[in-house]
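In numbering that gives the first Met the number 0, the protein residues as written are 0 to 221. Glycine included, each C-beta is placed from N, C-alpha and C at the ideal position. Since we're looking at a predicted model, the values are computed, not measured. Everything below concerns the one structure shown next.
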Amino acid sequence: MTDPTAASNLAADLSTASVSDALDSLALPGSLHGIGALRQGQRTAGPIFTVTYEPVDEAGGTVGDFLDDVPAGAVILIDNAGRTDCTVWGGIMSQTAHERGIAGTVIHGTCRDVAVATAAGYPIWSVARFMRTGKDRVRVAASQTPVTIDGVLIHPGDILVADDDGAVVVPAGRWEEVANIARRIDRVEEAIVEAVRGGATLAQARARHGYHSLQTRKDGLS
Ligand SMILES: O=C([O-])CC(=O)C(=O)O
Ligand SMILES: [Mg+2]
């Protein structure tokens, strides 16, 4: 799944919660702990463009050097090792990315110029918001190489889904399998709520539809 439009269309109906449960059922990692939505009501999905930063302590380090290389529809995933004392993303970058049709930015690190991103409607997920620039403090070490965030190994082109609950990554080769399971989980959860509306107790509705084991590993190894 490398076509950006296809990825975002495929994920349009999927929440990160369902995708995470589907990953759990397959014993796959993917949920990016510690990265939260900049504001509520934003969501995105698409193939990942990876960026890795490294610290510097001299003039010449800077942020955003990779942005002209990112294709429309991609989700930028930045690994700055969770650093919160300086930025790797700001308002000029939000407006540029929005202008180019980039699907969103997910940062294991920090962004600034939040009001600008909000005004542009550009979606961002990050560890923190802080105003001190990364210029002269970090530089791009690599782009489009594998990164590891919260113990999750992520390759360029893997699929990222992000919403109010955070961001989750699915290996490109497992996307359809995971999405199908996530949709099945959604249908079961809807059926539980319907049963409650129809007069069942929550316990009855959950038991009837196997709620407690929806995300349980299905290979018998858990
Ligand atoms: O220094 C930064 O984080 C970048 C910045 O403010 C911008 O892109 O507007
Ligand atoms: Mg700025």
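Return the bridge partner residues of residue i from the DSSP annotation.
{"i": "residue 74", "result": "47 and 103"}
{"i": "residue 36", "result": "124"}
If you draw a straight line from the alpha carbon of residue i to that of residue j, how long is it in whole angstroms?
{"i": "residue 82", "j": "residue 132", "result": "12 Å"}
{"i": "residue 129", "j": "residue 105", "result": "15 Å"}
{"i": "residue 221", "j": "residue 214", "result": "The pLDDT assigned to residue 221 is 40, lower than 50, so where the model puts this residue is not dependable, and the model offers no usable value."}
{"i": "residue 134", "j": "residue 58", "result": "8 Å"}
{"i": "residue 78", "j": "residue 180", "result": "29 Å"}
{"i": "residue 70", "j": "residue 99", "result": "8 Å"}
{"i": "residue 73", "j": "residue 22", "result": "22 Å"}
{"i": "residue 94", "j": "residue 173", "result": "32 Å"}
Using beta carbons (cut-off 9 Å, strictly below), is residue i in contact with chain D?
{"i": "residue 194", "result": "No chain D appears in the structure shown, which is made up of a single protein chain."}
Tell me whether residue i sits in a helix, a strand or coil according to DSSP, three-state version.
{"i": "residue 52", "result": "strand"}
{"i": "residue 60", "result": "strand"}
{"i": "residue 1", "result": "For residue 1, the predicted model reports a pLDDT of 49, less than 50, meaning its position is unreliable; a value from the coordinates is still stated below. DSSP places residue 1 in coil when its eight states are reduced to three."}
{"i": "residue 224", "result": "The question about residue 224 has no answer, for the chain in this structure spans 0 to 221."}
{"i": "residue 138", "result": "strand"}
{"i": "residue 209", "result": "coil"}
{"i": "residue 128", "result": "strand"}
{"i": "residue 17", "result": "helix"}
Run the proximity test for residue i: is its beta-carbon closer than 8 Å to any non-hydrogen atom belonging to ligand 2?
{"i": "residue 91", "result": "yes"}
For residue i, which residues of its own chain have a beta-carbon under 6 Å away from its beta-carbon, when the five flanking residues on both sides are left out?
{"i": "residue 190", "result": "208"}
{"i": "residue 154", "result": "145"}
For residue i, which residues in the same chain have their Cβ closer than 7 Å to its Cβ, ignoring the five residues on either side in sequence?
{"i": "residue 152", "result": "145"}
{"i": "residue 68", "result": "142"}
Less than 8 Å separating the Cβ of residue i from some heavy atom of ligand 1?
{"i": "residue 224", "result": "This structure gives no information on residue 224, because the portion of the chain shown stretches from 0 to 221."}
Got a sec? Which residues, its chain only, sit under 8 Å from residue i by beta carbon, not counting five neighbours each side?
{"i": "residue 85", "result": "109, 129, 131, 132, 133, 136 and 137"}
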